[in-house]
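Structure record follows, encoded as structure tokens.
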Amino acid sequence: MAPTSANLSPAELSYLHNSLSQTPPIRPDGRSPTQFRPLVAESEILPSANGSARICFADGTEAVVGIKAEVEKSAGFGRDIAGETEEAGLGTAGGNEIEMGGMGKGDEGKQGRDAWVEVQIEMPGYRDDDALPVFLGAMLRESLLATETLKNRLYINRRFHWRLYIDILLLSAPLSYPLPLLSLTTHLALQHTNLPALISEQDEDPLFNDDWDAAVPLYLSGQKPPVTLLLASVGPNILFDPSGDELAVADAVVAVSVAPSAEKQLAVMAVRMVDPPSRLTGAGTPDVLNTATGGAAPAKAEALAVRETESGVWRPPRGGVSRSLVARMIKMVVEKGGVGEEILEALDKVET
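In terms of UniProt numbering, the sequence shown opens at residue 1 and continues consecutively.
Dropping the structure here:
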């Protein structure tokens, strides 16, 4: 559930919903349907991290992401001289070494694991195990691990790997759903993350070049981390990067994660439905049913019929989202020259 920060009356909700349902929609801040809020972005702000970034939206919400990589021993490859494994303490009668853990000498041994990537989100006023930070972290991690690109880059050799810690800090209280802010900042930090250059060979203990200028990027040339965009539908219109007031009247909210594919086109990594806060708002009362405005108090069945047919009175959205609407949202993100391409191109221009 998105944060319910908008305290609007039923009349204000109805006015805002009608404005956003126009063609073209009239957004409170004057943006076009596909326009994002103005932002300030910078990367490599934390000297002790492998990668970092900061993004601040025009409404004052700000996020900082720091990425740290540590060398870790892969499970199942520690053996002592007696032929026993450190993991299970098993050996053979002849002292022959046995391999545990399922990472053999074939192609499978060069594949990374999902457990090598950890995402932690800290938000003001929320515990680490609250539903909102946990759900946001799960969505970001899901998009990062949707392809083999990231986790395979963490593979060093059959005995060692990198463990990646992605720490996300929201510096201000979430005035709207913070997913776009956190995703853009994480994308920018990963794009500027470097790992020390490996100078050892094969299954030797890893030895790295201590010259930071020789470090290699986490994402190679032509590869980019995914980005998650938030879309809201109000009537027939689709709005990108909805504000808190727009979420308060949204009929549906969808999070779409995309990343460049091998064909130089955007591919969908994940699609998530977000329960909008508009479902928790109170319905308006027509004047004919309001005794304070001279109306009569009808029976329950009659009141329900009037509320469903009365136009201009706010009613919280009900039901789900049609497949055609979700298809329209995805198409607007991944199409050639669409919003997804514009966002990725803009993030590429951020200077360190």
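Just so it is clear, CB atoms sit at the ideal spot from N, CA and C, and this is done for glycine as well.
All values derive from a computational prediction rather than experimental measurement.
If we ignore side chains and look at the alpha-carbon of each, how far apart do residue i and residue j end up?
| i | j | result |
| --- | --- | --- |
| residue 357 | Ile121 | This structure gives no information on residue 357, because the portion of the chain shown stretches from 1 to 352. |
| Tyr219 | Gln191 | 6 angstroms |
| Ala58 | Pro260 | 28 angstroms |
| Leu171 | Gln202 | 43 angstroms |
| Asp245 | Thr23 | 19 angstroms |
| Pro236 | Asp213 | 52 angstroms |
| Ile330 | Val268 | 8 angstroms |
| Ser19 | Arg141 | 36 angstroms |
| Ala270 | Met332 | 15 angstroms |
| Ile81 | Ala215 | The pLDDT assigned to Ile81 is 34, lower than 50, so where the model puts this residue is not dependable, and the model offers no usable value. |
| Ser52 | Ala11 | 44 angstroms |
| Gln35 | Ile26 | 12 angstroms |
| Pro206 | Pro47 | 23 angstroms |
Within its chain, find whatever has a CB closer than 6 angstroms to the CB of residue i; leave out the 5 residues flanking it on each side and keep chain order.
| i | result |
| --- | --- |
| Arg272 | Met139 and Ala255 |
| Glu345 | none |
| Met123 | Pro133 and Leu170 |
| Val253 | Ala232, Val274 and Pro276 |
Sorted by chain position, which residues of the same chain lie with C-beta nearer than 7 angstroms to residue i's C-beta, five sequence neighbours on each side aside?
| i | result |
| --- | --- |
| Pro316 | Ser278, Arg279, Thr281 and Ala283 |
| residue 378 | Residue numbering for the chain in the displayed model covers 1 to 352; residue 378 lies beyond these limits and cannot be assessed. |
| Ser143 | Pro226, Thr228, Ser257, Met269 and Ala270 |
| Lys224 | Gln191, Ala259, Pro260 and Leu344 |
| Ala173 | Pro124 and Gly125 |
Ignore the nearest five residues each way along the sequence and tell me which others in residue i's own chain have a CB closer than 8 angstroms to its CB.
| i | result |
| --- | --- |
| Glu148 | Gln111 and Gly112 |
| Asp210 | Pro196 |
| Asn50 | Ile67, Lys68, Ala69, Thr193, Asn194, Leu195 and Leu218 |
| Tyr126 | Leu132 and Pro133 |
| Leu188 | Ala41, Ser43, Ala53, Ile55, Val65, Leu347 and Val350 |
May I ask you to report which of helix, strand or coil DSSP gives residue i?
| i | result |
| --- | --- |
| Glu201 | coil |
| Asp167 | strand |
| His192 | coil |
Just checking my contact of residue i with residue j at CB under 8 angstroms: how many whole Å lie between their CB atoms?
| i | j | result |
| --- | --- | --- |
| Ser200 | Pro226 | No, Ser200 and Pro226 are not in contact; Cβ-Cβ is about 31 angstroms, not under 8 angstroms. |
| Arg163 | Trp116 | 5 angstroms |
| Pro33 | Leu179 | So it is not a contact: roughly 18 angstroms between Cβ atoms. |
| Ile166 | Glu118 | 7 angstroms |
| Leu266 | Val334 | 4 angstroms |
| residue 364 | Leu175 | The chain is shown from 1 up to 352; residue 364 falls before or after that span and cannot be answered. |
**Asked** Taking only runs of the beta strand (DSSP E) that begin and end inside the stretch 106–153, which ones reach a length of at least 3 residues, in chain order?
**Response** Here the runs fully enclosed are 117–122.
**Asked** Enumerated in chain order, which unbroken segments of the beta strand (DSSP E) with a length of 3 residues or greater are wholly contained in the stretch 213–283?
**Response** Taking 3 residues as the minimum length, the beta strand (DSSP E) runs contained wholly in the stretch 213–283 are 227–234, 237–240, 252–260 and 266–274, in order along the chain.
**Request:** Entirely within the stretch 2–80 and at least 3 residues each: give me those beta strand (DSSP E) ranges in chain order.
**Result:** Listed in chain order, the beta strand (DSSP E) runs fully inside the stretch 2–80 are 39–43, 51–57 and 62–73, counting runs of at least 3 residues.
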